[in-house]
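Each residue of the sequence shown is one higher than the last, beginning at 50 in the numbering used here.
Below: one structure, written as structure tokens.
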Amino acid sequence: MSSPLPLPISRRPFRMVEALDAIGAWLQALLWIAPLAFALWASLHPAGTALAFGSGTPLTLENYRTAWASAPWATYFLNTLMLVTFTLAGQLIFCTLAGYAFARFSFPGREALFVLVLLQLFILPEVLIVENYTMISRLALFDTIAGMGLPYVASAFGIFLLRQAFKSVPLELEEAARIEGCSWLGILWRVYVPAARPVYLAYALVSVATHWNNFLWPLIVTNSAATRPLTVGLSLFGAPESGVDISMISAATLMVVSPLMIAFLIFQRQFIQAFLRAGIR
């Protein structure tokens, strides 16, 4: 049997680059999943044995039962769900109208106003905490779901994303809808919104993940367990004053992040396709 022909010299560097890319991807994946793997290990072991990596340590679900009974997690979950729903609904409405206006309407100062909107992307949310706190207090929305979500309703990122999506829609579709007698809002609802559906999905995933994990502003604007989201509840649950139990804190952490992880695993294909089609990198 004849020996296989050696690879051409010109293809060897490409094979080496592919191998290095694969190794780098695996290393990044291991680094990303290592904290979750440790949290899962610790949550399934009794207190004091979280760092015992031997095979003889018993497995238990008692940490999850104890953690669930130690804090009003059901209220925290409900508050977080209402927060992300309120914020996303407001963002979709306002960002759609603003993106539509910037994409298809001509009015004096449009470009200058759009630049001002884009400048919001360069301002950290923490810089506006004092002003947001003052405004929420004046509106009597302190310690409410609306008070937590209202500062994020007008999203510069969402306006920019939808403006770019609407500008890519062919004008022939708008003209055809106008001939059929559609109003401006009818054209928006029947032409532009369906055409930008992948962008809406991508933005919704980003918005839900961002506000599900938001911590600083909800910590400042909430003052009772009736309105606290999961992130604030978890920080109080794991406070040193109440004692540090790595196993129980790991169980509570996994309870908090599990909805997003499950949603990502279920909608993984739609998630990736939405980002690729929306042009987000």
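In this text, a Cβ means the ideal position worked out from N, Cα and C, and glycines have one as well.
Integer-rounded CB distance, given that residue j should sit under 8 angstroms from residue i
| i | j | result |
| --- | --- | --- |
| Trp-266 | Ile-178 | 7 angstroms |
| Ser-92 | Ala-300 | 4 angstroms |
| Leu-170 | Ala-203 | Between Ala-203 and Leu-170 the Cβ distance is about 12 angstroms, and since that is not below 8 angstroms, they are no contact. |
| Ala-152 | Lys-216 | 5 angstroms |
| Met-304 | Trp-122 | 7 angstroms |
| Ile-208 | Ala-147 | 5 angstroms |
| Ala-274 | Leu-137 | Going by Cβ atoms, the distance from Ala-274 to Leu-137 rounds to 24 angstroms, so no, they are not a contact pair. |
| Thr-302 | Ala-86 | With 8 angstroms as the limit, Thr-302 and Ala-86 do not qualify as a contact, their Cβ atoms being about 13 angstroms apart. |
7 angstroms CB neighbourhood of residue i in its chain, flanking five on each side removed
| i | result |
| --- | --- |
| Cys-231 | Arg-239 |
| Ala-288 | none |
| Tyr-241 | Tyr-149, Phe-215, Val-218 |
Other residues of its chain near residue i: CB distance less than 8 angstroms, five sequence neighbours each side excluded
| i | result |
| --- | --- |
| Ile-185 | Phe-191, Gly-196, Leu-199, Pro-200, Val-270 |
Assigned exposure category for residue i - 16 Cβ within 10 Å defines buried
| i | result |
| --- | --- |
| Val-293 | exposed |
| Arg-318 | exposed |
| Thr-183 | exposed |
| Ala-189 | exposed |
| Val-3 | Given that the chain is displayed from residue 50 to residue 330, the structure contains no residue 3 and the question cannot be resolved. |
| Leu-165 | exposed |
| Thr-263 | Note on identity: in this sequence residue 263 is Asn, with Thr being the wrong assignment. Buried, because 16 or more other Cβ atoms sit within 10 Å of the Cβ of Asn-263. |
| Phe-156 | exposed |
| Ile-315 | exposed |
| Gln-140 | buried |
| Ala-118 | exposed |
| Arg-187 | exposed |
| Ile-298 | buried |
| Leu-108 | exposed |
Inter-residue spacing [alpha-carbon to alpha-carbon] between residue i and residue j
| i | j | result |
| --- | --- | --- |
| Leu-250 | Trp-75 | 28 angstroms |
| Leu-309 | Thr-259 | 11 angstroms |
| Tyr-356 | Leu-268 | Residue 356 lies beyond the stretch modelled for the chain, which goes from 50 to 330, so this question has no answer here. |
| Pro-278 | Pro-243 | 33 angstroms |
| Thr-145 | Leu-110 | 45 angstroms |
| Ala-150 | Val-248 | 17 angstroms |
| Ser-256 | Thr-115 | 31 angstroms |
| Ala-83 | Gly-282 | 24 angstroms |
| Trp-233 | Phe-154 | 10 angstroms |
| Phe-135 | Thr-276 | 14 angstroms |
| Glu-175 | Leu-168 | 15 angstroms |
| Phe-126 | Val-306 | 11 angstroms |
| Glu-229 | Leu-220 | 14 angstroms |
| Leu-222 | Ala-214 | 14 angstroms |
| Gly-158 | Asn-272 | 42 angstroms |
| Asp-70 | Leu-130 | 38 angstroms |
| Thr-180 | Ile-172 | Looking at the sequence itself, residue 180 is Glu, so the reference to Thr does not match. Whole-angstrom Cα-Cα distance: 13 angstroms. |
| Arg-64 | Ala-78 | 21 angstroms |
| Arg-94 | Trp-261 | Checking the sequence, you will find His at residue 94 rather than Arg. For His-94 and Trp-261, the distance between alpha carbons rounds to 27 angstroms. |
| Ala-226 | Phe-143 | 23 angstroms |
| Ile-311 | Thr-124 | 20 angstroms |
Residues of its chain near residue i, where Cβ-Cβ distance is below 6 angstroms and the 5 sequence neighbours each way are ignored
| i | result |
| --- | --- |
| Ala-99 | Ala-91, Ile-295, Ser-296 |
Any non-hydrogen atom of the ligand NAP closer than 7 angstroms to residue i Cβ
| i | result |
| --- | --- |
| Val-270 | Among the components of this structure there are no ligands whatsoever, and the ligand NAP is therefore not found. |
Cutoff 8 angstroms: residue i Cβ touching any chain D Cβ
| i | result |
| --- | --- |
| Gly-198 | The chain labelled as chain D is not found in the depicted structure, where only one protein chain is given. |
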